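Q:
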Amino acid sequence: MAIARPDNATLFAEGAVSTLKLIVYLALAVMLMVLDHRGSYLELLRRTGSAVVEPIYRLAAFPADVARATRTAVVTQDQLAGENRQLREALLLAQARLNRLDTVIAQNARLKALLDAQKNLGLSVQFARLVDVDLDPFRHRIMLDTGTNQGVEIGQPVIDAHGIMGQIVEVLPNTSVAMLITDPTHAIPVVVERSGVRTIAYGSGAIDRLELPNVPISADVKVGDRLLTSGLGGRFPAGFPVGEVRSVSNDQSGMFAAAVARPAAALDRSGEVLLLHDQPQPYGPPPTPQEEVGPPAELSGPAPAATETAPAPAPAPDPVPPEETTP
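Read in the UniProt record's numbering, the sequence shown has 60 at position 60, and its numbers run on one by one without any break.
1. What is the DSSP secondary structure of D78, counted as helix, strand or coil?
2. Nearest-angstrom Cα distance between T199 and I181?
3. Check whether the stretch 203-220 and the stretch 149-164 are in contact - that is, three or more C-beta pairs closer than 8 Å.
4. Determine whether the beta carbon atoms of D225 and R194 lie at a separation below 8 Å.
5. Who are the near neighbours of P173 in its chain, counting only those whose CB is closer than 6 Å to its CB and skipping five residues on each side?
6. Hey, D183 and R139: beta-carbon distance below 8 Å or not?
7. Take P189 and list the residues in its own chain whose beta-carbon comes closer than 6 Å to its own, dropping the five residues that flank it on each side.
8. Relative to the C-alpha of Q252, which residue among V191, V215 and V221 is closest?
9. Enumerate in chain order the residues of its own chain whose CB-to-CB distance from V171 is below 7 Å, with the five nearest sequence positions on each side excluded.
10. Report the option in G49, F256, L212 and A219 whose CA atom is closest to the CA atom of G196.
11. Could you spell out the range, first to last residue, of the beta strand (DSSP E) harbouring D198?
12. Locate the beta strand (DSSP E) running through Q156, then write down its first and last residues.
13. With a CB to CB cut of under 7 Å and the five nearest residues on each side skipped, what residues in its chain are close to E43?
14. Reducing DSSP to helix, strand and coil, say where G49 ends up.
15. Give me the Cβ distance between P241 and I164, rounded to the nearest whole Å; I'm assuming they're in contact under 8 Å.
16. Which residues mark the beginning and the end of the beta strand (DSSP E) in which L172 is found?
17. Would you mind stating whether V245 and L227 have Cβ atoms separated by less than 8 Å?
18. Can you tell me whether K222 is helix, strand or coil according to DSSP?
19. For L267, which residues in the same chain have their Cβ closer than 7 Å to its Cβ, ignoring the five residues on either side in sequence?
20. State buried or exposed for D134, treating a residue as buried only when at least 16 other CB atoms are found within 10 Å of its CB.
21. According to DSSP, which residues form a beta bridge with I56?
22. Just to confirm the assignment, what range does the beta strand (DSSP E) spanning S249 have?
23. Helix, strand or coil for L93 per DSSP?
24. Going by the beta-carbon positions, is the gap between V273 and V177 smaller than 8 Å?
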């Protein structure tokens, strides 16, 4: 039984007619492409077709574009938030490092100043760091990280790169307590560098103030004069800066002048200090002469001459011959 074929046969259906149609269509297509390539006769048609079809393409791609844009926006926002967080953390870290660098630079400058002071002093010193500060109005003390195990003793002067800070008043195995020169109970003998006037500077209870209450009216003390340790008392070596005179006025009795000085040491800023070990006594009694020391060269010179002339009486035998000739 033969199978009936429908009349609406497709282009690629089997048969001679369908093959002929395919060849004709292909020939027309090749001819149109050649003509369009040679003379661009279908350029307007192609543009018109593209303009008509483009909205359809855009409408078809719109859901994908929206999904892609949404995904990109979300990912970009997360990335931006993460990058912002990383940059903020990096900025904080850089700022912390910069602050630490400034601190290290300042500390190196202080340590260099202390080393320079140690070289200039030519004394045996010991380095110490502050671990606590007590600036009560009635008690100016600092605690250091060295004690008896490190050779610290009560009474040792404490200095920084600028001048006298105080003295050790309490010693523990690994820590010690120093009294600042501004403590109300502290007093230090000083001398005015310019005029040589000696007086005593007392602590006032203020970290930036020293008082000199008993200065004679006739004493040559002026604003701007530097105060140095006088060496009296044997506690502080002579010649260390103590402060600078800021004001001079007469006291209530009118018999003495009262001066106010600012400490030379950075009492409220120093973090590292030096402890003096050897304390010369320039005003002590003269040393006793040693027994083995001989007489001066001027006196020892004639002595050998006397020993050499001692044989001079040898000519005494000269008279002997006359005695022998007399008989």
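Beta carbons are placed, not taken as given, at the ideal position from N, Cα and C, and that holds for glycine. The structure presented is a predicted model; accordingly, all values stated were derived computationally and were not measured.
A: Let me lay it out:
1. Sequence index remark: in the sequence shown, residue 78 carries index 78 (1-based). Helix at D78.
2. Taking the sequence shown and counting its residues from 1, the one referred to as residue 199 is at position 199. Taking the sequence shown and counting its residues from 1, the one referred to as residue 181 is at position 181. So the alpha carbons of these two residues sit roughly 15 Å apart.
3. no
4. What you label residue 225 is simply residue 225 of the sequence shown in a count that begins at 1. What you label residue 194 is simply residue 194 of the sequence shown in a count that begins at 1. In contact: D225 and R194 (Cβ atoms closer than 8 Å).
5. As a first step, residue 173 is located in the sequence shown; it is residue number 173 there, counting from the start. These residues qualify, in order along the chain: G147, T148 and N149.
6. As a first step, residue 183 is located in the sequence shown; it is residue number 183 there, counting from the start. As a first step, residue 139 is located in the sequence shown; it is residue number 139 there, counting from the start. Going by C-beta atoms, D183 is nearer than 8 Å to R139.
7. By one-based count along the sequence shown, residue 189 stands at place 189. Taken in chain order, the residues that qualify are I200, S230, L232 and G233.
8. As a working note, residue 252 is residue 252 in the sequence shown. Here the closest residue by C-alpha is V215.
9. For this step, residue 171 is matched to residue 171 along the sequence shown. Excluding residues within five positions, the ones whose Cβ falls inside 7 Å are G147, T148, V152, E153 and I154.
10. To locate residue 196, count along the sequence shown from 1; it is residue 196. Looking at the Cα atoms, A219 is the closest of the given residues.
11. Your numbering for residue 198 matches position 198 in the sequence shown. The question names Asp, but residue 198 is Arg in the sequence shown. Segment R198 to G203, the beta strand (DSSP E) holding R198.
12. For the purposes of this step, residue 156 is taken as residue 156 along the sequence shown, with counting starting at 1. Neither: Q156 is in no beta strand (DSSP E) and is coded neither H nor E.
13. Taking the sequence shown and counting its residues from 1, the one referred to as residue 43 is at position 43. Excluding positions up to five away in sequence, the list is empty.
14. Translated into positions along the sequence shown, residue 49 becomes position 49. Residue state, collapsed to three classes: helix.
15. Position 241 of the sequence shown holds residue 241. Position 164 of the sequence shown holds residue 164. Rounded, the Cβ-Cβ distance is 7 Å, consistent with contact.
16. Stepping through the sequence shown from its first residue, residue 172 is reached at position 172. Here L172 belongs to no beta strand (DSSP E), and DSSP marks it neither H nor E.
17. Your numbering for residue 245 matches position 245 in the sequence shown. Your numbering for residue 227 matches position 227 in the sequence shown. In this structure, L227 lies closer than 8 Å to V245 by Cβ.
18. Taking the first residue of the sequence shown as position 1, residue 222 is located at position 222. Coil at K222, not helix or strand.
19. The sequence position of residue 267 within the sequence shown is 267, counting from 1. The answer, listed in chain order, is M165, L180, T182 and I207.
20. Locating residue 134 in the sequence shown gives position 134, counting from the first residue. Answer is exposed; the Cβ neighbour count stays below 16.
21. In the sequence shown, counting from the first residue as 1, residue 56 sits at position 56. DSSP, once it has assigned bridges, lists no residue as partnering I56.
22. Position 249 of the sequence shown holds residue 249. Taken as a continuous stretch (DSSP letters only), the beta strand (DSSP E) holding S249 covers P241 to N250.
23. Indexing the sequence shown from 1 puts residue 93 at position 93. Correct three-state label for L93: helix.
24. For the purposes of this step, residue 273 is identified with residue 273 of the sequence shown, where counting begins at 1. For the purposes of this step, residue 177 is identified with residue 177 of the sequence shown, where counting begins at 1. Contact: no.
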